[in-house]
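See structure below.
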Amino acid sequence: MALLACQTIGVDRFSTANIKSCEEYVRKMQRKLDKAVASGDVKRIRWYVHLLNKRSRAVKVLAVYHVTSENDGKYTAGVDSIAIKRNASKEVKDYQRRARRKEIDVQKKPSPIRRVFIPKSNGKTRPLGIPIISDRIVQDIIRMSIEPIAEYHFHDNSYGFRPKRSCHDAIGHLFSKLSKRDSPQWIIEGDLKGCFDNISHEHIIKTMFLWHIPKDIVEKVRKMFASPPRCKPFRRWHLLFCPTVRCPKRCHI
5 MALLACQTIG VDRFSTANIK SCEEYVRKMQ RKLDKAVASG DVKRIRWYVH
55 LLNKRSRAVK VLAVYHVTSE NDGKYTAGVD SIAIKRNASK EVKDYQRRAR
105 RKEIDVQKKP SPIRRVFIPK SNGKTRPLGI PIISDRIVQD IIRMSIEPIA
155 EYHFHDNSYG FRPKRSCHDA IGHLFSKLSK RDSPQWIIEG DLKGCFDNIS
205 HEHIIKTMFL WHIPKDIVEK VRKMFASPPR CKPFRRWHLL FCPTVRCPKR
255 CHI
């Protein structure tokens with residue numbers, strides 16, 4: 005397994021071919037992690053998470069690519085005012101991506117969260133936490149490292165914010181459940197009020213430990229939760245707020 009940790013897949017290129025190679029390598033490692041979780045092999049679980057979180061160049065390249073190319077917030081800066089330039093050439097954007105790749109430090113303390121308020125249709129506002137780009141990249145590295153563990157434990161009827169699952173899949177599942185003669189006749193729609201403002205951080209932390217996620221990652225997530233939002237113009241600090249990250253799987257937990 006030591007040889008796997010030294011794979012050269014994931015050199016700092018953001019070409020289509022290299023991204024595809026990185027994706028294939030990461031999927032292969034995630035499948036091995038999934039098998040380790042299914043067999044209850046704690047030692048192998050922690051080993052594969054370690055490879056993905058700290059040793060894999062491919063994961064780092066993909067994380068930078070996801071945050072700076074695919075994510076809608078790539079043009080939105082955090083408290084450091086750094087963002088991908090909207091009208092920049094491909095060469096300039098690749099230079100920015102390489103710079104972000106070189107500064108990755110999964111052990112670094114998260115920066116404060118830029119907090120903005122988005123107007124809602126009912127006249128109220130929704131708080132939105134915007135981490136700096138380098139923190140978003142670290143979040144995505146953690147996501148790829150522990151996603152197979154979370155997916156193994158999540159309920160099969162859960163569809164939100166999960167890979168290869170969509171609203172259409174949820175609709176199809178409901179149709180199959182409700183189309184039988186003796187099936188239930190009611191659908192109850194609910195909403196969690198202030199979900200990200202009031203979510204239990206400690207419950208998530210305890211669950212991650214129960215799933216044998218390595219302590220350093222759990223503590224990193226704890227620090228992300230504690231990153232205080234910075235509001236303008238008042239610069240208020242509110243520790244109950246849970247910053248919005250790339251994949252809000254914590255709601256399922």
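Residue numbering for the sequence shown follows this note's numbering, starting at 5 and increasing by one per position. A virtual CB, placed ideally from N, CA and C, is assigned to each residue, including glycine.
Excluding the 5 residues preceding and the 5 following Arg48 in the sequence, name in chain order all residues of the same chain whose CB lies nearer than 6 angstroms to its CB.
Position 44 of the sequence shown, counted from the first residue, corresponds to residue 48. These residues qualify, in order along the chain: Ala40.
Taking the alpha-carbon positions, what's the Lys36 to Ile145 distance?
By 1-based counting over the sequence shown, the position of residue 36 is 32. By 1-based counting over the sequence shown, the position of residue 145 is 141. The alpha-carbon atoms of Lys36 and Ile145 are separated by roughly 17 angstroms.
When the Cα of Val189 is compared with those of Leu178, Asp173, Asp195, Cys199, which residue comes out closest?
As a first step, residue 189 must be located in the sequence shown, where it is residue number 185. Val is not the amino acid found at residue 189; the sequence shown has Gln there. Ranking the options by Cα distance to Gln189, first place goes to Leu178.
Would DSSP call Pro218 helix, strand or coil?
If you number the sequence shown from 1, residue 218 lands on position 214. Pro218: coil per DSSP, three-state reduction.
Straight-line CA distance for Val68 to Glu74?
Looking up residue 68 in the sequence shown gives position 64. Looking up residue 74 in the sequence shown gives position 70. Those two C-alpha atoms are separated by around 10 angstroms.
Between Pro237 and Arg130, what straight-line distance do the alpha-carbon atoms span, to the nearest angstrom?
The count along the sequence shown starts at 1 and reaches residue 237 at position 233. The count along the sequence shown starts at 1 and reaches residue 130 at position 126. Because Pro237 sits at a pLDDT of 47, beneath the cut-off of 50, its placement in the model cannot be relied upon, and the following sentence gives the value as read from the coordinates. So the two alpha carbons sit approximately 17 angstroms from each other.
In or out: Gly337 buried (at least 16 other Cβ within 10 Å) or exposed?
Nothing about residue 337 can be read from this structure; the chain reaches only from 5 to 257.
Check the C-beta distance from Ile150 over to Val53 and give it rounded, since I have them as a contact under 8 angstroms.
If you number the sequence shown from 1, residue 150 lands on position 146. If you number the sequence shown from 1, residue 53 lands on position 49. Confirmed, about 6 angstroms.
Below 7 angstroms between beta carbons: does that hold for Gly82 and Ile136?
As a working note, residue 82 is residue 78 in the sequence shown. As a working note, residue 136 is residue 132 in the sequence shown. The answer is yes: Cβ separation under 7 angstroms.
Taking the alpha carbon of Arg101 as the point to measure from, which residue in Ser204, Gly194, Pro232, Asp16 has its own alpha carbon closest?
As a working mapping, residue 101 is identified with position 97 in the sequence shown. Checked all of Ser204, Gly194, Pro232, Asp16; the closest Cα to Arg101 is Asp16.
Specify whether the segment 82–98 and the segment 159–175 touch according to this definition: at least 3 beta carbon pairs, one from each stretch, less than 8 angstroms apart.
Verdict: no, contact absent.
Leaving out five residues on either side along the sequence, give the residues of the same chain with a beta carbon under 8 angstroms from the beta carbon of Ile23.
For the purposes of this step, residue 23 is taken as the residue at position 19 of the sequence shown. Excluding residues within five positions, the ones whose Cβ falls inside 8 angstroms are Val65, Leu66, Tyr69.
Quick check on the DSSP output: the beta strand (DSSP E) that includes Val120 runs from which residue to which?
Numbered from 1 along the sequence shown, position 116 holds the residue referred to as residue 120. 117–123 is the extent of the beta strand (DSSP E) around Val120.
How many angstroms separate the CA atom of Pro218 from the CA atom of Cys171?
Against the sequence shown, residue 218 aligns to sequence position 214. Against the sequence shown, residue 171 aligns to sequence position 167. Rounded to the nearest angstrom, the two C-alpha atoms are 32 angstroms apart.
What are the boundary residues of the alpha helix (DSSP H) that Gly176 is part of?
In the sequence shown, residue 176 corresponds to position 172, counting from 1. First-last of the alpha helix (DSSP H) with Gly176: 171–182.
Note the first and the last residue of the continuous alpha helix (DSSP H) segment covering Ile153.
To locate residue 153, count along the sequence shown from 1; it is residue 149. Note, Ile153: alpha helix (DSSP H), 137–157.
How far does the alpha helix (DSSP H) with Leu132 in it extend, from its first residue to its last?
Working through the sequence shown from its first residue, we reach residue 132 at position 128. Leu132 -> not in any alpha helix (DSSP H); beta strand (DSSP E) instead, spanning 129–134.
Which class does Arg265 belong to by DSSP, given the choice of helix, strand or coil?
In the structure as shown, the chain begins at 5 and stops at 257. Residue 265 is therefore absent and cannot be evaluated.
Can you tell me whether Gln111 is buried or exposed, with buried defined as 16 or more other CB within 10 angstroms of its CB?
By one-based count along the sequence shown, residue 111 stands at place 107. Exposed, since its Cβ has fewer than 16 Cβ neighbours within 10 Å.
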